[in-house]
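Just so you know, the sequence shown maps onto residues 28 to 453 in our numbering.
Beta carbons: idealized from backbone N, C-alpha and C, even for Gly.
First the structure, in the form of structure tokens, and then the observations on it.
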Amino acid sequence: MPNHFDNQPHFPGQATNFLKRDLGETTDKPDEERQVIIHADLDAFYASVEERDRPELVGKPVIVGGSPEKRGVVCAANYVARKYGVHSAMPAVTARRLCPQGIYLPPRIDYYAEVSRKIRDIFERFTPLVEPLSLDEAFLDVTGTEHLFGQAVEIGRQIKQAIRTELRLVASVGVAPNKFLAKIASDLKKPDALVIVEPAKVQEFLDPLPVERLWGVGKQSSKVFERLGIRTIAQLRQCPLDILRARFGSNGEHLWDLAHGRDGRAVVPEREAKSISNETTFERDISDMDVLRAWLVDLVDQVGCRLRRHGMRGRTVQLKVRFADFSLITRSCTLPEPTDITDELWRAADELLCQRLPAGHLPVRLLGMGLSGLDDTGLAQGMLFDGEDREKHERADDVADQIKERFWVGAIRRGSSLRGESPRTP
Ligand SMILES: [Mg+2]
């Protein structure tokens with residue numbers, strides 16, 4: 028794995044001590060225990076890819092998603108469209124009302140997956156420790172690359188630059204001492220942002236932010252915070268842990284840790300992952316089951332793409348649902364045989380969503396789908412597919428397309444540029 032950073036003269040070794048002092052790295056933790064994490068996230072990914080490929084769209088409101096006529100949902104809106112109030116997960120009918128002059132396009136997930144591979148190649152120039160969260164978003168652990176925080180910032184810059192010049196797309200990047208902080212950072216000043224959280228300035232960075240910035244805090248839980256008089260992360264940090272435990276159960280402690288900037292999770296590269304999953308937190312809680320199923324199609328689709336990319340198959344399908352009151356449930360089922368076929372994953376995930384949620388449940392804040400029990404023997408098997416197997420795969424693809432058609436777009440012409448319609452994660 029080439030490490031392009033080695034070629035960069037910006038931070039020569041003799042500057043090490045100065046920079047360390049300058050960045051306030053004065054804790055007694057040894058360097059090797061300290062993480063340096065980058066979170067990179069493409070801005071308005073699906074819409075930006077469309078805009079890039081069709082120059083006539085530049086400067087116009089571009090909305091990728093299902094059609095207004097078919098109860099479709101917006102998957103991605105570019106920044107021009109957002110000025111009209113259009114956002115992802117919004118019914119396409121509403122989007123059309125807000126922005127009648129918008130250009131409405133069906134998603135092309137297979138193509139976005141191709142672009143996603145190129146983005147991944149750029150990430151992997153800097154570190155082999157890349158954990159994708161979706162097609163356009165990943166964590167990179169650059170701790171092992173260089174111990175110096177300033178060098179990670181330079182890597183962040185170079186990633187943005189490479190995505191811009193080689194792919195003509197724009198990414199926002201956060202550089203921080205852990206995953207949670209890096210994710211908040213990349214999201215804070217979108218689009219085209221580079222936000223740095225220096226190790227000594229974590230609290231300074233977090234304190235003024237509203238509690239809604241914390242992972243998993245939705246409308247309902249922010250109401251609970253409101254009753255407790257907690258609006259900012261600083262106030263949450265100062266709240267006694269017992270109160271949080273009483274209100275949020277085991278999540279209380281987790282929230283408290285986050286408010287202190289603590290997050291010990293490691294970056295797990297996909298090849299070493301015990302499971303592959305995608306999840307999305309909605310901008311607004313969703314109670315309409317058809318809309319949830321439409322989002323599930325996208326999550327399943329992305330997980331399927333990622334499995335096949337690595338020649339992996341898995342047996343246990345998992346569904347994760349966080350409700351408006353912050354409660355979280357997971358449901359799973361084990362398939363008779365390991366699979367990487369989107370349709371088989373979809374059937375299982377859809378059944379979990381439609382049959383296994385509690386009756387009369389609250390609106391949904393977060394939806395996730397994953398597959399575990401992975402093996403990579405599929406790679407060898409994939410190369411040896413006989414005709415019958417291949418036919419089975421192709422038939423399965425057809426079924427997957429039919430599902431997408433039902434939920435997203437009226438006219439899907441297989442083999443045309445309109446293949447692979449589905450929603451997206453924000
Ligand atoms: Mg993105």
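Any non-hydrogen atom of ligand 1 within 6 angstroms of residue i CB
{"i": "L69", "result": "yes"}
{"i": "F72", "result": "yes"}
{"i": "D214", "result": "no"}
{"i": "D163", "result": "yes"}
Under the three-state DSSP convention, the category residue i falls into
{"i": "D49", "result": "Caution applies to D49, whose pLDDT of 32 falls short of 50 and renders its modelled position unreliable; the model cannot decide the point."}
{"i": "K301", "result": "coil"}
{"i": "S277", "result": "helix"}
{"i": "A122", "result": "helix"}
{"i": "A74", "result": "helix"}
{"i": "R144", "result": "helix"}
{"i": "G256", "result": "coil"}
{"i": "P237", "result": "strand"}
{"i": "I186", "result": "helix"}
{"i": "K110", "result": "coil"}
{"i": "F350", "result": "strand"}
{"i": "T369", "result": "helix"}
{"i": "T343", "result": "strand"}
{"i": "R417", "result": "Since pLDDT at R417 reaches only 44, below the 50 mark, its modelled position is unreliable, and the value read off the structure follows with that caveat. Looking at R417 - three-state DSSP - the assignment turns out to be helix."}
{"i": "D58", "result": "Below a pLDDT of 50, predicted positions are generally treated as unreliable, and D58, at 44, falls in that range; the measurement from the model is reported next regardless. Looking at D58 - three-state DSSP - the assignment turns out to be helix."}
{"i": "V391", "result": "strand"}
{"i": "M316", "result": "helix"}
{"i": "G338", "result": "coil"}
{"i": "A67", "result": "strand"}
{"i": "R79", "result": "helix"}
{"i": "E378", "result": "helix"}
{"i": "E5", "result": "Beyond the ends of the chain as shown, which are 28 and 453, falls residue 5; an answer cannot be given."}
{"i": "A321", "result": "helix"}
{"i": "S359", "result": "strand"}
{"i": "T192", "result": "helix"}
{"i": "V327", "result": "helix"}
{"i": "G177", "result": "helix"}
CA nearest to the CA of residue i, picked from the options
{"i": "Y139", "options": "P118, R184, P296 and A74", "result": "A74"}
{"i": "M316", "options": "P365, H281, L380 and S248", "result": "L380"}
{"i": "D234", "options": "K217, L208 and A220", "result": "L208"}
{"i": "F153", "options": "R254, I64, P385 and L236", "result": "I64"}
{"i": "F309", "options": "I90, V89 and M117", "result": "M117"}
{"i": "R292", "options": "T192, F166 and R383", "result": "F166"}
{"i": "P204", "options": "L255, E378, E193 and Q178", "result": "Q178"}
{"i": "A220", "options": "G183, D328 and R340", "result": "G183"}
{"i": "Y106", "options": "T121, K217 and H281", "result": "K217"}
{"i": "E253", "options": "R195, V238 and G93", "result": "V238"}
{"i": "L160", "options": "A321, E297 and T343", "result": "E297"}
{"i": "P82", "options": "I130, V113, C126 and V101", "result": "I130"}
{"i": "G400", "options": "A189, P365 and I149", "result": "P365"}
{"i": "S354", "options": "S248, D377 and L255", "result": "S248"}
{"i": "I190", "options": "V101, E164 and Q230", "result": "E164"}
{"i": "R320", "options": "F275, E151 and G93", "result": "G93"}
Residue burial classification, residue i (beta-carbon count within 10 angstroms, cutoff 16)
{"i": "A273", "result": "exposed"}
{"i": "P10", "result": "The displayed coordinates of the chain run from 28 to 453. Any statement about residue 10 would go beyond what the structure contains."}
{"i": "K145", "result": "exposed"}
{"i": "D269", "result": "exposed"}
{"i": "V85", "result": "exposed"}
{"i": "K187", "result": "buried"}
{"i": "R123", "result": "buried"}
{"i": "S314", "result": "exposed"}
{"i": "D312", "result": "buried"}
{"i": "H31", "result": "With a pLDDT of 35 at H31, under the threshold of 50, the modelled position of that residue is not reliable, and the figure given next carries that caveat. Classification for H31: exposed."}
{"i": "F72", "result": "buried"}
{"i": "S277", "result": "exposed"}
{"i": "A212", "result": "buried"}
{"i": "L326", "result": "buried"}
{"i": "D148", "result": "exposed"}
{"i": "D80", "result": "exposed"}
{"i": "D469", "result": "For the chain, the structure presents residues 28 to 453; residue 469 sits outside this window and is missing."}
{"i": "T192", "result": "exposed"}
{"i": "P385", "result": "exposed"}
{"i": "P88", "result": "buried"}
{"i": "R195", "result": "exposed"}
Contact with chain C by residue i, beta-carbon distance below 7 angstroms
{"i": "V251", "result": "This model lacks chain C altogether; it includes just one protein chain."}
Residue i: CB within 6 angstroms of a non-hydrogen atom of ligand 2
{"i": "D352", "result": "Ligand 2 is not part of this structure, which contains only ligand 1."}
Touching by the beta-carbon criterion (3+ pairs, under 8 angstroms), the region 222-235 and the region 97-117: no
Meets three-Cβ-pair contact criterion under 8 angstroms: the region 194-213 and the region 62-77: yes
Stretch-stretch touch, CB-based, cutoff 8 angstroms, three pairs: the region 392-399 with the region 344-352: Yes, the region 392-399 is in contact with the region 344-352.
The region 130-148 contacting the region 315-332, beta-carbon criterion three pairs below 8 angstroms: The region 130-148 and the region 315-332 touch, with no fewer than 3 CB-CB distances between them shorter than 8 angstroms.
Segment contact flag, the region 355-373 with the region 297-306, C-beta cutoff 8 angstroms, min 3 pairs: The region 355-373 vs the region 297-306: no contact.
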